[in-house]
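If you're matching positions, the sequence shown starts at 1 in the UniProt record's numbering and goes up one per residue. We treat Cβ as the ideally placed atom computed from N, Cα and C, and that holds for glycine.
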Amino acid sequence: MASDMSYFDRLPNELLEQIFLSLCHLPPVTKTNHVPITLHSLYFDYSIQQPLLKQTHTDLLSISLVCRRFYQILKSPAFWQQKCLHDYVLLPTQHFPSSFTPYEKLYINNPFHPSFNLIKENKWTKSQNTNSQVEFIPRGSNRLYDEFNRLSICRIACLHPIIEFSVCVAPRWDCASECRICLIFSDEHRWECERTFPQWNDSKWHRLTYLYRHYEHFPTSVTVHLSGKDRQGWAGFYGAKFAQTRIRLLFDTDENESNQENETIIEPQIETEINQDPQPEPVPDNLPIDDGVVHQNSTTLYSSFNESDSDFD
């Protein structure tokens, strides 16, 4: 007796899921837009990847309107969990609690992405009577590259994630200088750090990192204060340099660890400097003037992971 099932109905859901998983807009893998983690794992520069993820999500939303079966597959948290892994939104080493379900929102807005920076470059201000400039090649210091091997410009909740702040600081080799960093979180937690550099130093960059893990309620914002100057009173730009300022959310791996401060000295990439294209001259640091020191309010996007929120933009 002939079956009443159509050829479409006979297709297993697993096959349809694999087809939908393969639909994606991914940036091409170049030497300056991704970081290899293992042989089959990598992550992209999120600023390049995110617009393409949003386009993929829009395409899949359209497909979900074709029929009830497609809709049920494409609204499954399990599908979006696999989609996040398939399209390099999550790393294989990142595991959410079993109760976590909003993977669809995570797909298009992932604050746990390794290159996601909660600090926005267009939000900086500087204090009155501050004299600074933007250097495309650090003068008197080693060159600094980001994780994608690109030259960096410089300026003189329920998941209880770790809040990681990091910044790179460097002195000129020929002038003594000092710098001060202060973080003030919305829950009134505070972290301060000061460094001094002698004259005739090795001009290496120092990455200063602070992990804030033991908080009662997830802080919604943090004010970042950066200040530096030379210690010899020379005219011109001889103070400490700042670059790669970043705030990220990390997964907690050891509840017994306290809030932690780290300093790493970055060795220069001497072999690549001679191959760099010419860079423009320094330009004035035309930040808006504020009546405080250089600072920024950075409000996290973590609170958007509310299942009742249907806004994906």
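Practice prompt. Let me know the secondary structure DSSP gives Lys229 once reduced to three states.
Written response: strand
| field | DSSP state of Tyr43 mapped onto helix, strand, coil | value | strand
message: Please state whether the Cβ-Cβ distance between Leu249 and Pro161 is less than 8 angstroms.
response: yes
Margin query: For the segment 85-103 against the segment 203-218, do three or more pairs of beta-carbon atoms, one drawn from each stretch, fall closer than 8 angstroms, so that the two count as touching?
Written below: no
Next on the checklist: Among the candidates Gln269, Gln232, Ser99, Tyr43, whose CA atom is the shortest distance from the CA of Phe116?
Outcome noted: Tyr43
Would you identify the three-state DSSP class for Lys204, choosing helix, strand or coil? coil
**Request:** Decide yes or no for the touch test of the segment 44-53 against the segment 91-100: beta carbon pairs closer than 8 angstroms, at least 3 of them.
**Result:** no
Are the beta-carbon atoms of Arg143 and Pro282 separated by less than 8 angstroms?
no
**Report entry** Three-state secondary structure (DSSP) of residue 323
**Finding:** In the structure displayed, the chain extends from 1 to 313; residue 323 sits before or after that span and is not available.
| query | Are Asn259 and His206 closer than 8 angstroms when you measure CB to CB? | reply | no
Note to self: Please return the same chain residues whose Cβ sits closer than 7 angstroms to the Cβ of Ser310, not counting the five positions on each side in sequence.
What the structure shows: Note that Ser310 scores 35 on pLDDT, short of 50, meaning its location in the model is unreliable; the coordinates nonetheless yield the value given after this. Excluding residues within five positions, none has a Cβ falling inside 7 angstroms.
What residue range does the alpha helix (DSSP H) around His80 cover?
One point to set straight first is that residue 80 is Trp, not His, in the sequence displayed. That run of the alpha helix (DSSP H) goes 77-86.
Legend entry - Span of the alpha helix (DSSP H), counted from its first residue to its last, around Leu74: 68-74
Own chain residues within Cβ distance below 8 angstroms of Ile274, not counting five before or after: Any answer about Ile274 is weak, because its pLDDT of 47 lies below 50 and its placement is not dependable; what the coordinates show is given next. Answer for Ile274: no residue qualifies.
### Query
Can Val224 and Arg195 be called in contact, C-beta distance under 8 angstroms?
no
- Item | Cβ-based burial, Trp200 [other Cβ within 10 Å; buried from 16] | exposed
Next on the checklist: Tell me the rounded alpha-carbon separation between Leu60 and Glu164.
Outcome noted: 33 angstroms
- Message: In the DSSP output, what is Tyr210 paired with across the bridge?
- Response: Phe165, Glu261
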